[in-house]
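The structure under discussion appears below in the form of structure tokens.
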Amino acid sequence: MGCVQSFRELCDRQKNTNVRKSLPAVCIVWQTAMIILFGVFIRYNEEADPHWVEHRHTNNISSDIENDFYYRYPSFQDVHVMIFVGFGFLMTFLKRYSFGAVGFNFLIAAFGLQWALLMQGWFHSLDYTDGKIKIGVESMINADFCVAGCLIAYGAVLGKVSAVQLLVMTLFGVTLFAVEEYIILNVVHARDAGGSMVIHTFGAYYGLSISWMLYRPNLDQSDRLHGSVYHSDVFAMIGTLFLWMFWPSLNSAITDHGDGQHRAAINTYLALAATVLTTVAISSLFQKHGKLDMVHIQNSTLAGGVAVGTAAEFMLMPYGALIVGFCCGIISTLGYVYLTPFMEKYLKIQDMCGIHNLHAMPGVIGGIVGAITAASATESVYGVEGLINTFDFEKDFKDMVPSRQGGHQAAGLCVALCFGVGGGIAVGKFKKFTTDMINHVENGSIRESCFNVYE
Amino acid sequence: MGCVQSFRELCDRQKNTNVRKSLPAVCIVWQTAMIILFGVFIRYNEEADPHWVEHRHTNNISSDIENDFYYRYPSFQDVHVMIFVGFGFLMTFLKRYSFGAVGFNFLIAAFGLQWALLMQGWFHSLDYTDGKIKIGVESMINADFCVAGCLIAYGAVLGKVSAVQLLVMTLFGVTLFAVEEYIILNVVHARDAGGSMVIHTFGAYYGLSISWMLYRPNLDQSDRLHGSVYHSDVFAMIGTLFLWMFWPSLNSAITDHGDGQHRAAINTYLALAATVLTTVAISSLFQKHGKLDMVHIQNSTLAGGVAVGTAAEFMLMPYGALIVGFCCGIISTLGYVYLTPFMEKYLKIQDMCGIHNLHAMPGVIGGIVGAITAASATESVYGVEGLINTFDFEKDFKDMVPSRQGGHQAAGLCVALCFGVGGGIAVGKFKKFTTDMINHVENGSIRESCFNVYE
Amino acid sequence: MGCVQSFRELCDRQKNTNVRKSLPAVCIVWQTAMIILFGVFIRYNEEADPHWVEHRHTNNISSDIENDFYYRYPSFQDVHVMIFVGFGFLMTFLKRYSFGAVGFNFLIAAFGLQWALLMQGWFHSLDYTDGKIKIGVESMINADFCVAGCLIAYGAVLGKVSAVQLLVMTLFGVTLFAVEEYIILNVVHARDAGGSMVIHTFGAYYGLSISWMLYRPNLDQSDRLHGSVYHSDVFAMIGTLFLWMFWPSLNSAITDHGDGQHRAAINTYLALAATVLTTVAISSLFQKHGKLDMVHIQNSTLAGGVAVGTAAEFMLMPYGALIVGFCCGIISTLGYVYLTPFMEKYLKIQDMCGIHNLHAMPGVIGGIVGAITAASATESVYGVEGLINTFDFEKDFKDMVPSRQGGHQAAGLCVALCFGVGGGIAVGKFKKFTTDMINHVENGSIRESCFNVYE
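In structure tokens form, the structure reads like this:
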């Protein structure tokens with residue numbers, strides 16, 4: 001016994017020595033690389049540059065208030081809260097992994113948003129006249145969106161991976177995201193304001209595929225159930241509520257000025273409200289003694305926001321939003337009851353936070369709802385100009401019609417699925433990564449192995 | 001003993017079976033009803049509709065930034081946070097009722113806002129040309145306001161009612177609210193930007209009357225005192241602070257564009273600051289050894305925001321706002337010290353969260369302050385146009401004068417009181433409801449009987 | 001033993017009697033004074049006054065949306081959250097001092113903002129035509145900024161001072177702040193949008209000097225280490241994250257409309273992201289077994305926001321912001337590892353929250369970065385008009401050139417340092433104050449001596 005003990009200690013010391021070197025090294029080197037790349041590539045766009053005054057005069061803009069900052073900054077801050085407090089606290093439910101949930105969420109989001117500004121910049125806002133990426137408030141929102149995809153993936157492997165592994169996951173995740181997003185939005189010309197496909201479907205399948213590659217039988221599902229304590233579940237509710245409340249801002253953050261943002265906020269607000277009721281209904285129906293399960297309340301209540309992401313800016317109509325929310329609350333909660341245990345037992349996919357129920361399924365539904373809503377758009381409902389604005393039937397796509405747009409939306413969903421599953425498998429197969437990760441989880445226990453805990 | 005035990009278990013099983021059926025049934029049926037009613041009645045208003053581009057041209061609106069969305073959306077999000085995090089966490093102070101506080105708050109708010117959109121829509125934004133309710137960002141704010149009234153009422157009966165009973169309370173509460181609001185704002189033509197009368201006075205007396213109807217001697221006040229633990233009181237401070245910080249947004253959310261919103265925010269900011277100091281003073285003065293009581297800090301510090309609700313948009317003047325805050329901090333804290341125990345002992349009204357001190361008394365004060373401020377308005381202070389804008393002396397009321405407006409404000413307060421007390425008694429008398437509720441509270445203990453608690 | 005015990009009890013009773021009288025007395029008297037002073041001096045400015053409609057016509061302002069309220073209110077609310085939730089919860093890490101951290105933070109901020117409106121008003125917005133201070137949304141932001149300085153100082157003496165002493169510290173702190181701010185911004189003509197010098201350097205040295213004057217050997221550093229429990233550290237993360245997320249709003253809240261606010265937000269966003277990575281790196285490198293320390297994650301991750309405060313509105317460039325964040329994460333974390341123990345042991349300065357690492361050093365760096373960035377400004381980068389707008393080269397300073405502006409910035413930093421150190425020593429020497437404070441800390445223990453704790 002003593003021998004085993006000391007061998008373990010040896011391993012531990014070994015591992016800790018590696019961590020001691022590798023985490024600082026990765027952070028310093030990658031951050032230095034960011035500085036260099038930002039120095040070469042990134043500049044302010046014309047709305048954040050002191051030449052704005054002249055730009056205003058040239059473009060006949062009557063007032064400073066028409067700077068895009070004032071259209072989007074409040075939404076940006078709401079999205080920012082969702083990324084750091086929302087996702088961070090949503091994952092604090094584990095009894096002894098609150099530091100890791102909030103802390104690593106913080107770390108990978110802070111790295112991810114820098115890399116996202118570069119990757120998305122190269123694809124979307126490269127100024128060919130001087131070879132620079134011009135950033136503004138919309139770039140910051142998009143970077144946060146991109147990070148969201150990686151944080152969703154983190155939910156699948158919560159407690160099972162080290163900080164360095166998470167940073168690697170984020171590096172590849174952001175890269176894949178930017179390519180996928182470019183293909184969906186620019187090549188396929190699908191619209192996806194709230195990212196049902198681009199963010200949620202991609203992020204969830206990316207995380208689940210990695211988790212599948214890393215299946216560890218020791219870490220059984222009982223950890224999930226026994227893992228929360230009373231107060232950690234209350235902390236998780238902070239995450240849930242900030243995500244729930246600010247979801248209308250997420251879905252409307254980068255939609256068209258005016259009616260676009262307005263409508264997206266209304267639709268999301270309604271879909272989320274409906275989801276809460278059906279989540280409670282199903283949770284009560286399928287738990288013993290009709291009691292409610294906090295896991296469902298924490299997660300499934302958000303499914304409506306995911307599912308309405310693509311169609312939020314379309315004429316989904318208020319009742320349409322309610323229907324989407326209604327269905328997603330049911331499907332997502334049933335997922336927690338039946339699908340998550342099934343996936344673990346038979347498919348060997350562990351899903352710590354149940355992201356398949358919260359992001360994957362609602363994301364796919366969101367893509368389908370978007371395709372249907374787009375395909376059924378008519379000029380009488382949108383108006384001539386409204387139709388062009390809403391679906392961006394301009395430039396190369398000025399001959400597009402709604403029915404074809406529906407097909408393009410469906411194609412976009414397929415791209416997101418392929419990138420998620422394919423990318424996740426590729427990253428999961430990355431050998432060194434896997435080996436490390438397996439070493440990391442000893443005896444299947446989830447604990448704050450990376451934090452000093454005084455107690 | 002064993003016999004009693006098994007009889008209790010039987011009752012429990014019986015009750016649980018009912019809950020198991022009734023909560024899901026109510027949620028699913030009511031949500032389905034919402035979908036149908038929304039399908040029949042609710043559409044986007046012209047600022048959230050794709051025809052907005054054409055609307056802009058027709059109405060000569062120069063820029064998208066003048067869409068009401070940009071005037072009100074940041075305030076809406078702050079109000080939204082108050083409803084879900086503010087009210088939810090404020091009630092988490094009980095040792096073993098944090099799930100219920102946050103979770104049921106979430107459920108009834110999510111249902112209430114849908115029903116409020118319909119009820120308020122029928123009264124306020126029905127388009128007679130096509131029989132549809134047209135919603136926009138202001139409707140969402142108003143729905144949140146309406147829900148606030150019901151959440152205040154929840155505070156009186158915290159821990160004593162089941163989810164279904166709360167939903168019933170909310171259904172009737174929202175209905176009464178919409179009628180009362182219509183009478184006060186449109187018939188009586190009182191102004192009530194922050195809802196001192198419409199929201200707080202109504203909501204508090206509605207809740208207290210229900211609590212009075214349901215008096216249970218077993219559930220004595222000691223539960224309140226022994227009910228909190230250290231960390232649950234810290235959680236409650238999250239609720240307090242988010243309510244306190246965002247109250248300026250609540251009081252300014254639906255006031256007039258420009259100076260109206262600006263002034264309402266300033267007045268509320270000042271009133272709340274003054275309240276904090278007098279609350280601390282009185283709490284320290286009346287507690288043994290001069291120690292502060294967290295219950296006072298959590299609740300009475302908010303009284304100034306309630307009391308300044310009606311007059312916030314008027315020329316209350318900065319010192320006026322401070323005076324209102326000063327008085328309310330004192331009155332509200334004294335209420336916790338003397339009035340709450342008195343009400344329980346002699347009037348048989350249990351008030352779990354002390355809503356009489358936080359909402360009822362400050363709400364009435366707010367109504368009176370509003371009446372006085374309105375009655376003393378002059379053209380020299382407001383300007384000719386300013387007076388008309390601030391008090392809406394237009395259309396049917398274009399011959400109104402400030403002194404008469406003061407009378408109308410007072411009349412509005414009476415309407416709120418009548419609806420609160422009358423409505424609460426009626427709902428409380430609703431027999432089946434009462435019986436259920438009495439069964440629900442066994443041995444006067446407050447615990448998470450509706451949630452799965454692993455520990 | 002019994003004798004000592006009873007003597008202590010006597011002292012305790014004595015002290016408590018004083019507290020019982022002094023805290024209520026101070027709160028009531030000071031608040032009354034505020035009401036009188038507000039009555040004499042404070043009025044709404046033209047954008048919050050009902051004459052705004054006429055003001056609009058006179059000044060040819062086309063729309064209500066150009067009211068400053070819509071430019072700054074969302075930022076104001078974010079700053080407000082930083083002050084009350086951010087600073088309040090950041091200090092909840094101590095096991096048995098969460099009430100004091102959140103509660104006293106609340107109290108002194110509520111008093112401080114009123115006094116700040118007066119003090120800053122006399123210096124900055126006094127209308128000489130009628131002798132009144134005209135307040136609007138920008139005044140509220142500035143009052144919150146001023147309060148921030150005092151809350152930073154509170155961090156140095158956390159748990160060691162009573163509520164009355166904190167109020168005295170705040171009274172003098174706000175007064176000194178207003179004078180210092182006037183000298184730096186108006187006399188020296190330095191720019192300091194995010195307050196690296198005005199707020200952070202001043203506030204931190206003010207607090208540290210007071211702490212130095214009050215050195216108590218009994219209260220040793222071990223209290224800091226043993227003082228946190230698992231959940232209190234999670235509460236502190238709420239504070240950290242809200243500060244981190246909303247820092248872009250703080251640095252951009254009072255900068256120029258348009259590109260100024262836009263650029264300040266981008267720079268702060270980037271600097272903070274870089275800080276997270278280097279903080280994690282250094283924390284892992286210097287802790288045993290490469291584990292992360294929550295104290296570093298909670299505090300040092302914010303240093304980048306402090307250090308970018310002055311230069312955020314200048315053309316710091318995105319990579320410049322990253323470099324500043326990079327360095328500050330390293331310096332701040334090293335400060336926690338080496339400097340705080342050193343200061344306590346050799347300099348007899350106790351720094352409970354490590355404000356020297358979070359505010360003092362990054363503040364000074366921010367001042368220097370600001371001076372360098374200003375000195376290297378050119379017309380080609382800023383444009384003719386942009387240069388004038390950004391640095392306010394108008395009126396008395398219309399002949400200013402960037403290189404001289406750099407000197408003025410450096411001079412501003414010196415003023416902040418002098419006021420901080422000098423003011424702190426003066427207040428700390430204030431005899432009665434010191435004696436009280438020493439009595440207050442018995443046996444060097446930090447506990448909720450001022451709050452009723454039921455448990």
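Chains as they are written, first to last, in the UniProt record's numbering: chain A, 1 to 455; chain B, 1 to 455; chain C, 1 to 455. For each residue, glycine too, the CB sits at the ideal point set by N, CA and C.
9 Å Cβ cutoff, residue i in contact with chain C
i, result
"Tyr73/A", "yes"
"Ser62/B", "yes"
"Gly39/A", "yes"
Interface flag, residue i vs chain A, CB-CB below 9 Å
i, result
"Gln287/C", "yes"
"Lys160/B", "no"
"His262/C", "yes"
"Asn299/C", "no"
"Arg43/B", "yes"
"Asp293/C", "yes"
Residue interval of the alpha helix (DSSP H) (run including residue i)
i, result
"Lys132/C", "It is not in any alpha helix (DSSP H) - Lys132/C instead sits in the beta strand (DSSP E) that spans Lys132 to Ile135."
"Ser300/B", "Looking at the DSSP string, Ser300/B is not in any alpha helix (DSSP H), and its letter there is neither H nor E."
"Asn105/C", "Ser98 to His124"
"Arg72/C", "Asp68 to Val81"
"Gln405/C", "Pro402 to Lys429"
"Phe177/A", "Ala163 to Tyr182"
"Phe89/C", "Phe87 to Leu90"
"Ile210/B", "Phe202 to Met213"
"Gln261/A", "Asp259 to Phe286"
9 Å Cβ cutoff, residue i in contact with chain B
i, result
"Phe326/A", "yes"
"Cys450/C", "yes"
"Ile282/A", "yes"
Residue i classed as buried or exposed, judged by whether at least 16 other C-beta atoms fall within 10 angstroms
i, result
"Ile36/C", "exposed"
"Lys429/B", "exposed"
"Glu379/C", "exposed"
"residue 527/B", "With chain B covering only 1 through 455, there is no way to say anything about residue 527/B."
"Thr58/A", "exposed"
"Thr301/A", "buried"
"Asp259/A", "buried"
"Gly406/C", "buried"
"Lys395/B", "exposed"
Residue span of the beta strand (DSSP E) that contains residue i, given as start and end
i, result
"Tyr44/A", "Ile42 to Tyr44"
Min CB distance residue i to chain E below 9 Å
i, result
"Gln31/A", "Although the question refers to chain E, the structure presented lacks it and instead comprises the protein chains A, B and C."
Original post:
Are the stretch 357 to 365 of chain A and the stretch 385 to 395 of chain A in contact at 8 Å, needing three or more beta carbon pairs?
Top reply: no
Subject >> Under 9 Å (Cβ pairs) to chain B, residues found in the stretch 231 to 257 of chain A >> reply: Look at the stretch 231 to 257 of chain A: the residues with a C-beta under 9 Å from a C-beta of chain B are His231, Asp233, Val234, Phe235, Met237, Ile238, Thr240, Leu241, Phe242, Trp244, Met245, Phe246, Pro248, Ser249, Ser252, Asp256 and His257.
Original post:
Which residues, taken in chain order from the stretch 45 to 58 of chain A, show a beta carbon closer than 7 Å to some beta carbon of chain C?
Top reply: Glu47, Ala48, Asp49, Pro50, His51, Trp52, Val53 and Glu54
Subject >> Validate contact between the stretch 149 to 162 of chain B and the stretch 194 to 204 of chain B using beta carbons, cut 8 Å, 3 pairs >> reply: yes
Original post:
Okay, do the stretch 390 to 397 of chain A and the stretch 186 to 197 of chain A touch, 3+ Cβ pairs below 8 Å being the bar?
Top reply: These segments touch.
**OP:** Residues of the stretch 86 to 118 of chain B with a CB closer than 7 Å to any CB of chain A: list them in chain order, please.
**Re:** Gly88, Thr92, Ser98, Phe99, Val102, Gly103, Phe106, Leu107, Ala110, Phe111, Leu113 and Gln114
Subject >> Touching by the beta-carbon criterion (3+ pairs, under 8 Å), the stretch 334 to 342 of chain B and the stretch 264 to 280 of chain B >> reply: no
Subject >> Short-range partners of chain C found in the stretch 140 to 158 of chain B, where Cβ spacing is below 9 Å >> reply: none
**OP:** Taking 8 Å as the threshold, find out whether the stretch 172 to 186 of chain C comes into contact with the stretch 409 to 423 of chain C through three or more Cβ pairs.
**Re:** yes
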